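Take a look at the structure set out below.
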Amino acid sequence: MGTGGIYHTIQQGETTSSLAQKYGLFWETIWDHPENEQLRNLRKNHNVLFPGDKIFIPAVRIREESVITD
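Residue numbers (my numbering): 9 to 78.
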């Protein structure tokens with residue numbers, strides 16, 4: 009994935025939860041993304057998607073933390 013993310017076309021049997029697992033994200037990160045507002049208005053349940061629906065998958069963000077080592 010690039011820095012922005014991708015649009016994914018839903019296939020039979022896919023859910024937001026299965027996509028989250030596939031792409032290494034929480035389902036809420038995908039579902040609550042502003043690019044998915046129209047889909048949220050169309051499908052009230054995040055796990056009830058239909059083949060052909062398009063959902064935005066944001067890019068995984070790497071978080072760096074500093075730690076003290078000996």
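Note that the Cβ used here is the ideal one computed from N, Cα and C, for glycine as well. Note that the structure is a prediction, hence the values are computed from the model and not measured.
Per-residue DSSP class, three states only, for residue i
| i | result |
| --- | --- |
| Lys52 | coil |
| Pro66 | strand |
| Pro59 | coil |
Where the alpha helix (DSSP H) through residue i begins and ends
| i | result |
| --- | --- |
| Ile38 | Trp35 to Trp39 |
| Thr17 | Per DSSP, Thr17 belongs to no alpha helix (DSSP H); it is in the beta strand (DSSP E), Gly13 to Thr17. |
| Gln29 | Thr24 to Tyr31 |
Within-8 Å CB hit, residue i to chain B
| i | result |
| --- | --- |
| Arg51 | Going by chain labels, chain B is absent from the structure shown, which holds only one protein chain. |
Exposure label - residue i; buried when at least 16 CB within 10 Å
| i | result |
| --- | --- |
| Thr17 | exposed |
| His49 | For the sequence presented, residue 49 should be read as Asn rather than His. With fewer than 16 other Cβ atoms within 10 Å, it is exposed. |
| Ile70 | exposed |
| Pro66 | buried |
| Thr7 | Missing from the structure shown is residue 7; the chain here goes from 9 to 78 and no further. |
Beta-carbon proximity check, residue i vs residue j, cutoff 8 Å
| i | j | result |
| --- | --- | --- |
| Asn44 | Phe64 | yes |
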